[in-house]
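Asker: I'd like to ask you about the structure that follows.
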Amino acid sequence: MKPNRMPKSLIIILTASLALAGCFDQGTPSLDKDDIRFAGFYSDYLQTSGVSPVTAEETPLVLASSDVRVLLARHNLDPVRFDRKMALYRRDPDRWRLVLEQVRLHIRQKEAGGE
48 MKPNRMPKSL IIILTASLAL AGCFDQGTPS LDKDDIRFAG FYSDYLQTSG
98 VSPVTAEETP LVLASSDVRV LLARHNLDPV RFDRKMALYR RDPDRWRLVL
148 EQVRLHIRQK EAGGE
């Protein structure tokens, strides 16, 4: 290769490498302990507020902030950590989808257990 063509070739190779690197699947995110806690909190919140009612006649409740704080504490979450997780889920819909799958699992387990 001629010396004067080397920079052009290098730029082309680097550009192609970066383009290919973006095409590879980065994999699905894995949930951390706070994600699992959040899923537990959210499933309890939905069930407590009646958002997932057993019958169509039930009206969802608006929980008082004190009730929400109790639920957060039960799942070892604080408002700051809760806000950080919500911001993360807005930026990472794949992670949010995984959290919602955990929420569904928690609700099904509670329904099967008769809670």
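Per our numbering, residue 48 is the first one in the sequence shown, and the count goes up by one each step. Glycine residues also receive a C-beta, built at the ideal position from the N, C-alpha and C atoms.
Exposed or buried, Ala-86, counting other C-beta atoms within 10 Å across all chains shown (16 or more means buried)?
Answerer: Taking the sequence shown and counting its residues from 1, one reaches residue 86 at position 39. Under this definition Ala-86 is a buried residue.
Asker: Just to confirm the assignment, what range does the alpha helix (DSSP H) spanning Val-127 have?
Answerer: Taking the sequence shown and counting its residues from 1, the one referred to as residue 127 is at position 80. Unbroken alpha helix (DSSP H) run through Val-127: 126-138.
Asker: Check whether the Cβ atoms of Leu-118 and Tyr-136 sit closer than 8 angstroms, and answer yes or no.
Answerer: Here residue 118 corresponds to residue number 71 of the sequence shown, with the count starting at 1. Here residue 136 corresponds to residue number 89 of the sequence shown, with the count starting at 1. Not in contact: Leu-118 and Tyr-136 (Cβ atoms no closer than 8 angstroms).
Asker: Do the CB positions of Arg-84 and His-122 come within less than 8 angstroms of each other?
Answerer: For the purposes of this step, residue 84 is identified with residue 37 of the sequence shown, where counting begins at 1. For the purposes of this step, residue 122 is identified with residue 75 of the sequence shown, where counting begins at 1. The answer is yes: Cβ separation under 8 angstroms.
Asker: Take the Cβ of Lys-132 as the centre, count every other Cβ of all protein chains shown within 10 Å, and call the residue buried at 16 or more, exposed below.
Answerer: As a first step, residue 132 is located in the sequence shown; it is residue number 85 there, counting from the start. That one is buried.
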